Each structure stands twice: as structure tokens, then as C-alpha cells.
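Heads up, the sequence shown is in the numbering used here, so the first residue is 4 and it goes up one at a time. Data first, discussion second: the structure below is written as C-alpha cells.
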Amino acid sequence: MIDFADVNGVALRYSLSGAGTRRLVLVHEMGGTLESWTEVADHLAPDYQILTYDTRGAGLSEKIRGEVGIDDLASDLLALLDRIGWKDGLSIAGCAVGAAIAIRAIIRQPARFVALAALSPALGVAAGKRDETIAAGDRLIELGVRTVGDSSWDRAFPLLLRDNAERVNAVRCRKLGNDPESFAALYRMVATMDMASDLSGIACPALFLAGRHDQTRTPEMVQAYSAQVPDARFAVVESGHVMQALTPDPVAECLRDFFAAVA
């Protein structure tokens, strides 16, 4: 079921699917949409009720003008959960900035969540890369998503992961469909946020997944994040940055096994 909700001062598109009794929230990456999770959700649907949604600025959700912070995006999610009546007992998985949203939501309302999976988590950038990241956002507005997005394509999606042309094309076209101003606002947000202090406050069991071929959030970076979480597991998937969209089968298997064991 696809629907829309006006919550926290923003209109969000969301989807509810699945036939299980447990509840799972899936948060997409920066530049993606709820469809980034479609194949993984299909795998998990027999066991879970699943919420996916377009985050603020993405897909068919309301676009961003001006600045946005990670707390705004976490507030959007928490308000959406209130709207659909999902109060507690929730597992949550997020990719890249989606993982940051999931982590901040857990920090703010820990009683609501029972397990976290963080895929290629994007929790900020190194101090030396902040100006470069902000400049990349500025170029999105000046030159368009196609020009800037295609220049970073090889880093995020190595050639060896492009065997499924239909899947790769869908990931690329979703990214190209982004609103430049919203996308640039998210670049500025990532450039200035530092969520390292959140990690030690994650009270629920957590799984940190890295893509072996991800050049933007390397396995070493993701493992270092996981080491700061009290009850965390770390694993590497033969994948790239947006692993749930590029390699949904092994990602779904990892999530199914982890959530079944801890939640």
C-alpha cells in the first residue's frame, strides 16, 4: 500500500507491505527512494510488516528548501511512526544517510526499537573533506544531478557489480531523478554533522554491514563504527555502497538472520 502523510511539517510518501507479525522499518540512502529497498522487502515480507518511505527531499516526498539537519529527518521518521501507530518492538535498517537517520531515531527514542542494521553508514565526513563535500552540493545546483552524479558513479558502483543491467540502471536513474536543491542540502548536512558520539548510546543489538567494494564507506570505516557500539556485530558483503539495491539477495539474508537472532 502506497500512501502519503503530512507529518512534522513535511509531506512524506510511504509504503506498508508484508504479511508477518514483526515490524521492520527500512530507510533508504541519500539520493535514493523507497524503491531502493523493494527487492529486500520482497524477501522479508513473509515474516514482517514493512515500512519504507521517501525521506524528506527524496522521491515524491516534499522537497527541501534551505537547510536541513539529521534531527529533522529523524523527527520525520518518528512522526510517521506515530501516524501509522507503530509504537514499539521495531527493527530498523538504514543505508548510508538512512543509517544515520535510524541511529538518531534510536538515540532519541530507544524504547521504540529492538534492533538496528546499519548498511554503509554515512555519519559525517572527515574534517579535511567538509569543504569539498559542500562544494559538491553547490555543483549539483549549478550543473545538475546528471553531471555531478555520473562523475562519482565508479566509486559507488564498481564495474564488477554491474552484471545486472536492469538493477544498476534503476539505481542510477533514481539518483538522477533527485531535486538538486534537496540533494545539495543533504550534502551540506552530511558535511557538517558528526554522529560519532551517538554510537556508544545505541542500546539495542546492532549489525554493521560494509560493502567489500565500497570506496565511499570502506569496510575499515564501518568496522571502526561498529567497535564503538556496545552490542554490535560486523560483517562484509560482496557489494558496493548502496548494497540493498545492488545485491539484495545477500543483504536480505544477513538482515533475516540477524533480526531473527536478536529481535
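The beta-carbon is built from N, C-alpha and C at its ideal position, and this holds for glycine as well. Since the structure is predicted, the reported quantities are computational estimates derived from the model, not experimental observations.
Buried or exposed: which applies to residue i, given that a residue is buried once 16 or more other Cβ atoms fall within 10 Å of its Cβ?
i              : result
lysine 178     : buried
arginine 220   : buried
glycine 23     : exposed
isoleucine 95  : buried
glycine 97     : buried
proline 222    : buried
alanine 129    : exposed
proline 49     : exposed
glutamate 32   : buried
aspartate 79   : buried
methionine 192 : buried
threonine 150  : exposed
With residue i as the anchor, note down where its alpha helix (DSSP H) starts and where it stops.
i            : result
serine 18    : Per DSSP, serine 18 belongs to no alpha helix (DSSP H); it is in the beta strand (DSSP E), 13–20.
glutamine 52 : Looking at the DSSP string, glutamine 52 is not in any alpha helix (DSSP H); the run it does join, the beta strand (DSSP E), is 51–56.
glycine 140  : 133–146
glutamate 87 : Checking the displayed sequence, the identity of residue 87 turns out to be isoleucine instead of glutamate. First-last of the alpha helix (DSSP H) with isoleucine 87: 73–87.
arginine 175 : 168–179
arginine 259 : 251–265
leucine 162  : Element bounds for leucine 162: n/a, residue is neither H nor E.
leucine 202  : 199–202
alanine 187  : 183–195
valine 43    : 41–47
State the start and end residues of the unbroken beta strand (DSSP E) segment that holds residue i.
i           : result
alanine 96  : 93–98
leucine 29  : 25–30
alanine 121 : 116–122
aspartate 6 : 5–10
Looking only at C-alpha atoms, which of the options sits nearest to residue i?
i              : options                       : result
methionine 198 : Ala188, Tyr228, Pro208        : Tyr228
tyrosine 56    : Gly101, Val117, Gly23         : Gly101
proline 161    : Arg68, Met246, Met196, Glu38  : Met246
threonine 195  : Ala230, Asn167, Leu29, Ala125 : Ala125
proline 233    : Thr150, Leu202, Lys90, Thr250 : Leu202
leucine 83     : Ala44, Ala8, Asp134, Ala264   : Ala8
asparagine 181 : Asp6, Val13, Val28, Thr36     : Thr36
glycine 62     : Asp157, Cys176, Leu119        : Cys176
serine 18      : Gly34, Gly12, Ser64           : Ser64
glycine 92     : Met224, Val43, Val71, Val117  : Val117
Are residue i and residue j close, meaning C-beta to C-beta below 8 angstroms?
i             : j                 : result
leucine 81    : arginine 111      : yes
alanine 235   : phenylalanine 262 : no
alanine 266   : proline 113       : no
isoleucine 73 : isoleucine 104    : yes
leucine 2     : histidine 216     : The question about residue 2 has no answer, for the chain in this structure spans 4 to 266.
serine 200    : lysine 66         : no
alanine 99    : histidine 244     : yes
aspartate 141 : alanine 209       : no
Round the Cβ separation of residue i and residue j to the nearest angstrom and send it over; I've been treating them as touching at under 8 angstroms.
i            : j            : result
glutamine 52 : arginine 16  : 18 angstroms between Cβ atoms; not a contact.
alanine 77   : arginine 115 : That pair is no contact at about 11 angstroms.
alanine 248  : serine 20    : Not confirmed; about 16 angstroms, so no contact.
glycine 147  : proline 183  : 6 angstroms
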